[in-house]
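**Student:**
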Amino acid sequence: MELTELHIAESFFTRSMAAIDSLFLLFLIPLIPLSLLAILALIVRPRPIKIPIKSRHVFITGGSSGIGLALAQRAASEGARVSILARSAGKLEEAKKSIQLATGVEVATFSADVRDYDAVSKAIDESGPIDVLVVNQGVFTATELVEHSPEDVKFTIDVNLVGSFNVIKAALPAMKARKDRGPASITLVSSQAGQVGIYGYTAYSASKFGLQGLAQALQQEVIADDIHVTLIFPPDTDTPGFEEEQKSRPEVTSIIAASSGSMKTEEVARKAMDGIKAGNFTVSCNFEGFLLSLATTGMSPQRSCWLAFLEVITAGPIRLVALFFQWDWYKAIEKWSKTKTK
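First residue of the sequence shown: 1, per the UniProt record's numbering; consecutive thereafter.
1. Just curious, the beta strand (DSSP E) that Arg270 is in, first and last residue?
2. Specify, as a first and last residue, the run of the alpha helix (DSSP H) that Arg178 falls within.
3. I'd like to know whether the C-beta atoms of Leu40 and Cys305 end up nearer to each other than 7 Å.
4. Considering Cα atoms alone, identify which of Ile227, Ala193 and Asp225 is closest to Leu211.
5. Pick helix, strand or coil for Arg115, following the three-state DSSP scheme.
6. Check the C-beta distance from Ser186 over to Ile168 and give it rounded, since I have them as a contact under 8 Å.
7. Which first and last residues belong to the beta strand (DSSP E) in which Ser185 is found?
8. Suppose you measure from the CA of Thr61 to the CA of Ala123; what does that come to, to the nearest Å?
9. Check whether the region 218–225 and the region 165–179 touch, using three or more Cβ-Cβ pairs below 8 Å as the test.
10. Answer with buried or exposed for Ala80, where buried requires no fewer than 16 other C-beta atoms within 10 angstroms of its C-beta.
11. Report back the beta-carbon spacing between Ala72 and Ile84 to the nearest angstrom; my notes put them in contact at under 8 Å.
12. Using a Cβ-Cβ cut-off of 7 Å (strictly less than) and excluding sequence neighbours within five positions of Glu266, which residues of its own chain qualify?
13. Contact check, Ala142 vs Ile255 under 8 Å by CB: the rounded distance?
14. Is the region 267–286 touching the region 100–114, taking contact as three or more C-beta pairs under 8 Å?
15. Taking 6 Å as the cut-off, does the CB of Val252 come closer than this to any heavy atom belonging to the ligand FAD?
16. Helix, strand or coil: which one does DSSP assign to Ile130?
17. Measure how close the beta-carbons of Ala315 and Val44 come, nearest whole angstrom, since I'm counting them as under 8 Å.
18. Mark Met263 as exposed unless 16 or more other C-beta atoms lie within 10 angstroms of its C-beta, in which case mark it buried.
19. So Leu292 packs on Gln216, CB below 8 Å; how close in whole Å?
20. Looking at C-alpha atoms only, which residue of Glu78, Thr109 and Val105 is the closest neighbour of Glu93?
21. Which of the three DSSP states is assigned to Thr230 in this structure?
22. How long is the line joining the alpha carbons of Val135 and Leu34, rounded to whole angstroms?
23. Among Asn166, Arg178 and Gly197, which has the Cα closest to the Cα of Glu144?
24. If we call anything under 7 Å between Cβ atoms a contact, is Asp131 one with Ala184?
25. Got a sec, what are the start and stop residues for the alpha helix (DSSP H) Leu101 sits in?
26. Output needed for Asp226: all residues of its chain with C-beta closer than 6 Å, excluding positions within five of it in sequence on either side, in chain order.
27. So, with DSSP's three-state summary, where would you put Arg81?
28. Since Ile60 is in the beta strand (DSSP E), which residue starts that stretch and which ends it?
29. Based on Cα-Cα distance, which residue from Met299, Pro250, Gly163 and Ile313 lies nearest to Pro46?
30. Quick one: what does DSSP say Asp236 is sitting in, helix, strand or coil?
Now the structure itself:
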């Protein structure tokens with residue numbers, strides 16, 4: 001009788017401990033992600049910031065067409081004082097008229113080649129202190145490297161990368177010297193081809209990848225001056241340059257690019273401006289770009305603890321998705337190569 005009671009007591013104790021263990025696990029499961037989120041909230045840097053646009057000076061390079069023109073129009077419609085810079089005086093005048101027609105705001109125009117530091121510096125000095133600088137100029141030729149002339153490669157690197165250094169270096173002293181003007185912003189317009197290398201974009205991808213290193217290092221240098229860096233990664237965008245590029249780019253480039261689709265300039269400008277005002281370091285323009293940003297975030301600054309949490313927990317699965325994309329791209333390249341050799 002005593003033995004039976006002992007067995008009952010042991011069985012009851014075992015069931016009780018199992019119930020306690022289950023409750024502990026139920027408590028522990030949400031505790032782990034919540035603890036991670038709490039840690040990330042403490043360590044993410046730089047801190048969240050809001051960049052005002054109204055009544056501030058927004059200076060945009062490559063502002064005579066495409067994304068730059070759409071950004072200039074959006075900034076003007078939000079009450080900013082806008083200056084645009086491009087090489088062609090004729091296109092600048094057309095852009096000025098179209099912005100005034102759409103918004104009723106007259107923008108300032110400056111004609112200069114971003115490869116010429118002295119010309120850029122003169123234009124920026126004439127425009128006055130800048131609160132929001134958007135470095136948007138870009139050129140590209142979609143073709144295999146073996147078909148690229150050395151002059152074409154140099155031109156692409158000089159405009160897209162060296163030109164960005166020139167613009168920022170010319171604007172930075174006055175931006176750092178401003179007083180009581182609120183937080184400032186420097187935005188670089190990269191490309192999804194600046195996150196992942198794409199067939200036919202060797203020179204272009206190299207120049208746009210360079211912007212990421214520039215942006216990351218620059219943010220560390222200017223954060224103490226309340227200047228905040230934003231890096232925009234648009235997909236293919238319906239601009240005049242894109243229309244020309246489609247006529248000559250390799251077939252396999254079009255197949256790969258189709259995986260992300262294309263966007264209207266107004267959509268990209270809206271996403272970009274929202275990201276600039278939110279002070280985001282990385283701005284993706286569509287869902288595919290968002291997944292790409294998660295897969296390639298690396299050492300990029302992150303202001304949002306929620307997005308940092310998402311980056312941490314999705315690192316493995318997103319890498320798997322990226323590998324599937326790569327598999328699909330290389331399969332397309334292999335298929336195209338076989339048809340080319342027949």
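Ideal Cβ positions, reconstructed from N, Cα and C, are used throughout, including at glycine.
**Tutor:** A quick look at the data gives this:
1. Unbroken run through Arg270 is the alpha helix (DSSP H), Thr265 to Lys277; no beta strand (DSSP E).
2. No alpha helix (DSSP H) holds Arg178; DSSP gives it neither H nor E.
3. yes
4. Checked all of Ile227, Ala193 and Asp225; the closest Cα to Leu211 is Ala193.
5. coil
6. For the record, residue 186 in the displayed sequence is Ile; it is not Ser. With a Cβ gap of about 6 Å, Ile186 and Ile168 count as contacting.
7. Residue range Ala184 to Val189 is occupied by the beta strand (DSSP E) that includes Ser185.
8. 11 Å
9. yes
10. buried
11. 5 Å
12. Counting only residues of its own chain and dropping the five nearest sequence neighbours on each side, Glu266 has a CB closer than 7 Å to the CB of Ala70.
13. The pair is not a contact, with the Cβ atoms about 12 Å apart (cut-off 8 Å).
14. Not touching, per the Cβ criterion.
15. As far as ligands go, the structure on display features none, and thus does not contain the ligand FAD.
16. coil
17. About 16 Å separates the two Cβ atoms, so there is no contact after all.
18. buried
19. Wrong, their Cβ atoms sit about 17 Å apart, outside the cutoff.
20. The shortest Cα separation from Glu93 among Glu78, Thr109 and Val105 belongs to Thr109.
21. strand
22. 38 Å
23. Across the set Asn166, Arg178 and Gly197, the C-alpha of Gly197 shows the shortest separation from the C-alpha of Glu144.
24. For Asp131 and Ala184, yes; Cβs fall inside 7 Å.
25. Residues Ala89 to Thr103.
26. Pro183
27. In this structure, Arg81 counts as strand in the three-state DSSP scheme.
28. It spans His57 to Thr61 - the beta strand (DSSP E) in which Ile60 sits, taken as one unbroken run.
29. Met299
30. strand
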